[in-house]
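Undergrad:
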Amino acid sequence: MKLATIDIVIILGFIAATLALGFYLSARASKNMQSYFLAGNDIPWYYLGLSNASGMFDVSGTMIAVAWLFVYGIKSAWIPWLWPVWNQIFMMVFLAVWMRRSNVLTGAEWITFRFGESLGSRLSHIATVIFAVVIVIAFMAYFVEGIGKFSAQFLPWDISFTVAGISISNEDSYALAIIAITTLYTLKGGFYSVVGTEVLQFFIMTIACLIVGYIALFSTTAEQIQAAVPAGWDSLWFGWELGLDWSELMPAADQRIEDDGYGLFGFLFMLMIFKGIFASLAGPVPSYDMQRVLGTRTPSEAAKMFGLTPIVLSFPRYFMIAGITVLALVYMDPAQLQSGDGRLDFEQVLPYAISEYVGPGFRGLLLAGLIAAFMSTFAAFINAGSAYVVNDIYRKYINDQADDKTYLRLSYIVTASIVVIGVSFGLAGGNIQARTDWIVGLLYGSYVASNMLKWIWWRFNGYGFFFGMVSGMVGVAIIPPLLESMGFQLLAIEQFPLLFAFALFGSLAGCLLTPAEPEEVLKKFYRQTRPWGFWKPIADKVLAEEPDFTVNKDFNRDMFNIVVGIIWQMTLVIIPIFLVIRGYTGMMVSIAVFALCTFLLKKYWWDRLED
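For the sequence shown, counting from 1, position 531 maps to 922 in the numbering used here; every step adds exactly one.
1. Excluding the five sequence neighbours on either side, which residues of its own chain have a C-beta within less than 8 Å of the C-beta of Ile982, listed in chain order?
2. Assuming Ser862 is part of the alpha helix (DSSP H), what are its boundary residues?
3. So, with DSSP's three-state summary, where would you put Trp848?
4. For Leu486, does the count of other Cβ atoms within 10 angstroms reach 16, so buried, or fall short, so exposed?
5. If contacts are defined as beta-carbon pairs under 8 Å, then Val462 and Ile616 qualify, I think. What distance do you get, rounded to the angstrom?
6. Please return the same chain residues whose Cβ sits closer than 6 Å to the Cβ of Phe893, not counting the five positions on each side in sequence.
7. Unbroken beta strand (DSSP E) runs of length 3 or more, entirely within the segment 479-526: which are they?
8. Assign Phe448 to one of three DSSP states: helix, strand, or coil.
9. Is Gly832 buried or exposed, if buried means 16 or more other CB atoms sit within 10 Å of its CB?
10. Enumerate, from N- to C-terminal direction, the unbroken alpha helix (DSSP H) stretches of 4 or more residues contained entirely within the segment 578-632.
11. Assuming Ala935 is part of the alpha helix (DSSP H), what are its boundary residues?
12. If you scan the segment 629-669 from start to end, which runs of the beta strand (DSSP E) of 3 or more residues do you find wholly inside it?
13. Taking the beta carbon of Trp472 as the centre, do at least 16 other beta carbons fall within 10 Å, making it buried, or is it exposed?
14. So, are the CB atoms of Ala763 and Gln592 less than 7 Å apart?
15. With DSSP collapsed to three states, give me the class of Asn943.
16. Roughly how many angstroms separate the alpha carbons of Ala599 and Ser512, rounded to a whole number?
17. Sorted by chain position, which residues of the same chain lie with C-beta nearer than 8 Å to Ile1051's C-beta, five sequence neighbours on each side aside?
18. Looking only at its own chain, which residues have a Cβ that is under 8 Å from the Cβ of Ala949, when we skip the five neighbours before and after it?
19. How should Ile823 be labelled, buried or exposed, when 16 other C-beta atoms within 10 angstroms of its C-beta is the threshold for buried?
20. Quick check on Ile434: does DSSP put it in helix, strand or coil?
21. Within the continuous alpha helix (DSSP H) that includes Phe697, where are the two ends?
22. For Pro751, I'd like the list of residues in its chain whose CB is within less than 7 Å of its CB, leaving aside the five on either flank, ordered along the chain.
23. Assuming Asp645 and Trp637 are in contact, meaning their beta carbons sit under 8 Å apart, how far apart are those beta carbons, in whole angstroms?
24. Rounded to whole angstroms, what's the CA-CA distance from Tyr437 to Met696? Just pull it up for me.
25. Rounded to a whole number of angstroms, what is the C-alpha to C-alpha distance between Lys915 and Leu895?
26. Measuring CB to CB, does Phe969 end up less than 7 Å from Gly977?
27. Using the C-alpha atoms, what's the distance from Thr611 back to Arg973?
28. Between Met622 and Ile702, what straight-line distance do the alpha-carbon atoms span, to the nearest angstrom?
29. Between Lys466 and the rest of its own chain, which residues show a CB-CB distance below 6 Å, the 5 nearest in sequence each way excluded?
30. Drop a sphere of 10 angstroms on the beta-carbon of Val964, count the other beta-carbons inside from all chains shown, and report buried for 16 or more, exposed for fewer.
31. Between which two residues does the alpha helix (DSSP H) carrying Ser746 extend?
32. Less than 6 Å between C-beta atoms, sequence neighbours within five positions excluded: which residues of the same chain meet that for Thr597?
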């Protein structure tokens, strides 16, 4: 596809502005470790909220969201619960406050705060660092696949090359080029550059999203959309089965539903709820979400950051996703999605619609926005990954007396090394959907049990955490191949209960067969974090020493806010979709529900935040 001169100027101008801003902020990051990895806890919560939203707006995820909406209609709004997306609501309501009260630098360092310096704590600390690095590398491989596939569709140059007898395709070459630019400013500027450039990128992405949604609104009609989709496509609700029949309009869409394994959607939904409760209570995986929490000024600002993210992210993102989908449904020739094996590649809907239905200038702005989405997410992950290696391995176990310049130089080396490893896995090839399923269905399954228990049960110790994490990782290695060898073809989320049970058994066995953590460690954690849950023995001891200590009795209110918050978050997703497809009744009902939920959250969450 040929880009107009103005498109190329906009894209190159955006990249130049990002680099300039990243290097401008690098002077602030070079002071010490706290500045490099957490920006000295000096960034206001609303900037971090915009940064968080920008980091969640990745190209790979957007491509697959368009494919989901194209095939599943508004019912696709439920599919991100697989991650689950409402872990952001758990963070908003209480977990971000609990986490920020620790005053540590990384999620792995938090383990020491929770379990002390026992052998079990050290083993847990190492397991968390390993998991953090693995999750960063896994997501980087996922991002590489998406940005390469996306960029090669639009950028006009053939930059494929051969080195040492190995041919690097055009897709991979674009991925490498964009990754190199992103790594450059992230390596130099640390967390300051990550947040600063993400805020810039957020505004570019938002403008691009609004333009695409506007184009779709005024170049299609409700009648055209209805003629292109099967009955039930515009309904949010479903039964035990999905209830969509594409056989007359596009049989390949029925094949995609079968390949995804989402036909029995009611069963899938129950698994989403099961996984969502435990995975959300576990808190964020040790990556960029946790770094932003620890980088806020105060615990209440950490909560506010997560409250802002769904508002600024969901409407513009899904306005664009719906716009792209509608343009493709109405005007696209399905043959344009033909892949090498003869099937339709629905992940190509996004690049195809942009190339065909977005005009010069607007196209450049949109492409700049989507490249920005990749850069922001990638930068956040590599900054978080290097923090774990430098702070939680080198400084903790090798040299805790080095000066700040030594730590910073090592951070540069580690950042570059993580990028090389992650990119290597990404270049191995794959399918975005398959990578998504593996990360959220299997890898997360190994994480949940230990990280849920660490918050809510005083008796849970470092050994329990370590053996739970190890059991989960071993489960990921042996359970999926074992099931496949037995002839069971299960989705990743269908394997989640088995992985969870496996990891939970390891957690409980490791905990109950070893001593509890020292009382002083538990009292310090409880006094500083103030969680609810099964903490009565420790709470009684703290109250005996400090009679004016206030025990956390907010469980019921927090659960109420969780339910309201999940509904509130869902309305922010479906309102822009209903608008673009002209589902005005559904939109008005959703707006009314959103207003009610906003009122309740203001009264029972925002007004009661405390540090």
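Note that beta-carbon positions come from the ideal geometry of N, C-alpha and C, so glycine has one too.
TA: This is what the structure gives:
1. Stepping through the sequence shown from its first residue, residue 982 is reached at position 591. The residues are Thr962, Ile966.
2. To locate residue 862, count along the sequence shown from 1; it is residue 471. Looking at the DSSP string, the run of the alpha helix (DSSP H) that includes Ser862 is 853-876.
3. Residue 848 sits at position 457 when you count from the first residue of the sequence shown. Trp848 falls in the strand class under three-state DSSP.
4. As a position in the sequence shown, residue 486 is number 95, starting the count at 1. Label assigned to Leu486: buried.
5. Here residue 462 refers to the residue found at position 71 of the sequence shown. Here residue 616 refers to the residue found at position 225 of the sequence shown. Actually they are not in contact, since the Cβ atoms of Val462 and Ile616 sit about 15 Å apart, beyond 8 Å.
6. In the sequence shown, counting from the first residue as 1, residue 893 sits at position 502. Same-chain partners within the cutoff: Ser862, Gly866.
7. none
8. Here the question's residue 448 lines up with position 57 in the sequence shown. Residue state, collapsed to three classes: coil.
9. Along the sequence shown, one-based indexing puts residue 832 at 441. The predicted position of Gly832 is uncertain, since its pLDDT is 49 and thus under 50; a value taken from the coordinates is nonetheless stated next. Classification for Gly832: buried.
10. 613-619
11. Residue mapping note: residue 935 aligns to position 544 of the sequence shown, counting from 1. Element bounds for Ala935: 927-936.
12. none
13. Here residue 472 is taken as the residue at index 81 of the sequence shown, counted from 1. Trp472 is buried by the Cβ-count criterion.
14. On the sequence shown, position 372 is the one that residue 763 refers to. On the sequence shown, position 201 is the one that residue 592 refers to. Going by C-beta atoms, Ala763 is nearer than 7 Å to Gln592.
15. Taking the sequence shown and counting its residues from 1, one reaches residue 943 at position 552. Residue state, collapsed to three classes: coil.
16. Residue numbering aside, residue 599 sits at position 208 when the sequence shown is read from its first letter. Residue numbering aside, residue 512 sits at position 121 when the sequence shown is read from its first letter. So the alpha carbons of these two residues sit roughly 47 Å apart.
17. The requested residue 1051 does not occur in the structure, where the chain is confined to residues 392 to 1002.
18. Indexing the sequence shown from 1 puts residue 949 at position 558. Strictly speaking, residue 949 in this sequence is Asp, with Ala absent from that position. Here the set comprises Val484, Phe485, Trp923.
19. On the sequence shown, position 432 is the one that residue 823 refers to. Summary for Ile823: the model assigns pLDDT 47, below 50, so the residue's position carries little reliability; its value from the coordinates is reported in the next sentence. Result: buried.
20. Position 43 of the sequence shown holds residue 434. The answer is coil: DSSP assigns Ile434 none of H, G, I, E or B.
21. As a working note, residue 697 is residue 306 in the sequence shown. Segment 690-722, the alpha helix (DSSP H) holding Phe697.
22. Against the sequence shown, residue 751 aligns to sequence position 360. For Pro751, where only same-chain residues beyond five positions count, the Cβ hits under 7 Å are Ala395, Ile397, Asp398.
23. Translated into the one-based positions of the sequence shown, residue 645 becomes position 254. Translated into the one-based positions of the sequence shown, residue 637 becomes position 246. With 8 Å as the limit, Asp645 and Trp637 qualify as a contact, their Cβ atoms being about 5 Å apart.
24. As a working note, residue 437 is residue 46 in the sequence shown. As a working note, residue 696 is residue 305 in the sequence shown. Cα to Cα, the separation comes out at about 6 Å.
25. Along the sequence shown, one-based indexing puts residue 915 at 524. Along the sequence shown, one-based indexing puts residue 895 at 504. Going from the Cα of Lys915 to the Cα of Leu895 covers about 26 Å.
26. Numbered from its first residue, the sequence shown carries residue 969 at position 578. Numbered from its first residue, the sequence shown carries residue 977 at position 586. In this structure, Gly977 lies closer than 7 Å to Phe969 by Cβ.
27. In the sequence shown, residue 973 corresponds to position 582, counting from 1. In the sequence shown, residue 611 corresponds to position 220, counting from 1. Taking the straight line joining both Cα atoms gives about 10 Å.
28. Position 231 of the sequence shown holds residue 622. Position 311 of the sequence shown holds residue 702. As written in the sequence, residue 622 is Ala, which differs from the Met given in the question. Distance between the alpha carbons of Ala622 and Ile702: 30 Å.
29. Reading the sequence shown from its first residue, position 75 is the one you call residue 466. For Lys466, where only same-chain residues beyond five positions count, the Cβ hits under 6 Å are Phe629.
30. Sequence index remark: in the sequence shown, residue 964 carries index 573 (1-based). It counts as buried.
31. Locating residue 746 in the sequence shown gives position 355, where the first residue counts as 1. 740-748 is the extent of the alpha helix (DSSP H) around Ser746.
32. Residue mapping note: residue 597 aligns to position 206 of the sequence shown, counting from 1. Result list for Thr597: Pro707, in chain order.
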